[in-house]
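Q: Residue numbers (my numbering), protein chains in the order written: chain A, 126 to 231; chain B, 149 to 304.
1) Under the rule that 16 or more other beta-carbon atoms within 10 Å means buried, what is residue 242/B, buried or exposed?
2) What does residue 188/A reach in chain B if we use C-beta pairs closer than 7 angstroms?
3) What would DSSP say about residue 213/A, mapped onto helix, strand or coil?
4) Is the beta carbon of residue 193/A closer than 8 angstroms to that of residue 152/A?
5) Can you grab the Cα-Cα spacing for the pair residue 244/B / residue 184/B, in whole Å?
6) How would you call residue 169/B, buried or exposed, if buried means at least 16 neighbouring beta carbons within 10 angstroms?
7) List, in order along the chain, the chain B residues whose C-beta lies closer than 9 angstroms to that of residue 167/A?
8) Could you check whether the Cβ of residue 196/A sits closer than 8 angstroms to any Cβ belonging to chain B?
9) Which bits of chain B does residue 203/A rub up against, with CB to CB less than 7 angstroms?
10) Considering residue 275/B, what are the terminal residues of the alpha helix (DSSP H) in which it resides?
11) If you drop the 5 nearest sequence neighbours on each side, which residues of the same chain put their C-beta closer than 7 angstroms to that of residue 206/A?
12) Do residue 108/A and residue 187/A have their C-beta atoms within less than 8 angstroms of each other?
13) Pick from 294/B, 191/B, 176/B and 182/B: whose alpha carbon is nearest that of residue 234/B?
14) Is the beta carbon of residue 212/A less than 8 angstroms from the beta carbon of residue 147/A?
15) Keeping to the same chain, check which residues put their C-beta closer than 6 angstroms to that of residue 204/A; ignore five residues upstream and five downstream.
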């Protein structure tokens, strides 16, 4: 399991727009680099990121080789109710990582 | 007369130029343009893209093209009736120009994404946003890159 870091406020007022910062540990190999022997290193990247809030998808992104290594994605959502946010990264060669965080809304 | 030293020199030179040609095709400009046009067409489906409403924030001078922080924001009330559906980011000079596509909804609250990209060479970065009414808007910024990403030798 890859190392992921997610940063979001633990508490929020109802209707407040919260910013969520996510970081996943991944080389994001582009498929354009060569080894010292001249062999092409095959592409190996994270291709998809989703965030769901109490089971409802609120954000989704498709990633391409032009993303930097250890992809950082910062986005926002409206704090509607207390619950959990699920984050999921999937990619080449069966890569999968997940993280969940809880938020209390009052 | 071809001495052993001269033969080795010529052979080495031929190998180097062949390698350089393999990495940098003669029609590189056309290839890059075609790749960018193809990526944009996949997003818009040929629909017209107007300039405005989108704002890219990124440094104009980049030391290291491997990690370039950038953010894209679109002005929108983000309601069910009027919101931003998606933001797509492209770089002009990369072998594969598409960086990221982010999809939003009314629950996003704000149509803003911040991320980090790889940028191969000095050129423009373009962001295209699709609104809920189906229209496309874009913004472009010119950036200068001193150390390019994608290829270690910085040929492309």
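Cβ atoms here follow ideal geometry from the backbone N, Cα and C, with glycine treated the same way.
A: Looking at the coordinates:
1) In the second chain, counting from the first residue as 1, residue 242/B sits at position 94. With 16 or more other Cβ atoms within 10 Å, it is buried.
2) As a working note, residue 188/A is residue 63 in the first chain. By Cβ distance, chain B contributes 248.
3) On the first chain, position 88 is the one that residue 213/A refers to. Of the three classes helix, strand and coil, the one that applies to residue 213/A here is strand, per DSSP.
4) Your numbering for residue 152/A matches position 27 in the first chain. Your numbering for residue 193/A matches position 68 in the first chain. No. Outside cutoff.
5) As a first step, residue 244/B is located in the second chain; it is residue number 96 there, counting from the start. As a first step, residue 184/B is located in the second chain; it is residue number 36 there, counting from the start. The straight-line gap from Cα to Cα measures roughly 8 angstroms.
6) The sequence position of residue 169/B within the second chain is 21, counting from 1. Confidence is the limiting factor: at residue 169/B the pLDDT is only 46, short of 50, which leaves the residue's position unreliable, though a coordinate-based value still follows. When all chains shown are included, residue 169/B counts as exposed.
7) Working through the first chain from its first residue, we reach residue 167/A at position 42. Those do not exist, as residue 167/A stays about 14 angstroms from chain B at its closest Cβ, beyond 9 angstroms.
8) The residue labelled residue 196/A in the question sits at position 71 within the first chain. Interface residue, yes.
9) Locating residue 203/A in the first chain gives position 78, counting from the first residue. The answer, in chain order, is 255 and 257.
10) Mapped onto the second chain, residue 275/B falls at position 127. No alpha helix (DSSP H) holds residue 275/B; the beta strand (DSSP E) holding it covers 271-279.
11) Walking along the first chain from the start, residue 206/A turns up at place 81. Result list for residue 206/A: 179 and 230, in chain order.
12) The requested residue 108/A does not occur in the structure, where chain A is confined to residues 126 to 231.
13) If you number the second chain from 1, residue 234/B lands on position 86. The shortest Cα separation from residue 234/B among 294/B, 191/B, 176/B and 182/B belongs to 191/B.
14) Your numbering for residue 212/A matches position 87 in the first chain. Your numbering for residue 147/A matches position 22 in the first chain. Contact flag set, yes.
15) Against the first chain, residue 204/A aligns to sequence position 79. 137, 141, 143 and 230, listed in sequence order.
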